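Residue 10 in the UniProt record's numbering sits at position 10 of the sequence shown; the count goes up by one each step and never skips.
A short worksheet on the structure shown next.
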Amino acid sequence: MSPGHRIGAAVLLALLAVTWLASVYGWGLRSTAVADARIREKRRSVRTGSGGYHGGGPRFGK
C-alpha cells in the first residue's frame with residue numbers, strides 16, 4: 001500500500017469517527033432544530049399573511 005493510500009484511508013477513518021461521535025453526542029442537532037423552526041415560522045407567517053412577501057392583503061378562498 002502506497003503512502004498516499006494510507007493517508008487517504010486515515011483521513012476517511014477520521015471523518016467516519018467524527019461523524020459517529022457527532023451522532024452519539026448529538027452535535028449540531030440544536031442548530032439544525034433552530035434552523036428548521038425558523039423555516040417553519042417563515043412558512044407559517046407567509047401562509048397566515050402576517051408578513052413575508054405576500055403582504056397581508058385579503059385572503060380569498062379561506
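Note that CB positions come from ideal geometry on N, CA and C, so glycine has one too.
Small disclaimer: the values here were computed from a predicted structure and weren't measured.
Which value, in whole angstroms, describes the spacing of the CA atoms of A37 and A22?
21 Å
For the alpha helix (DSSP H) that W20 lies in, which residues bound it at each end?
P3 to Y25
Separation of A17 from R44, as counted between CA atoms
38 Å
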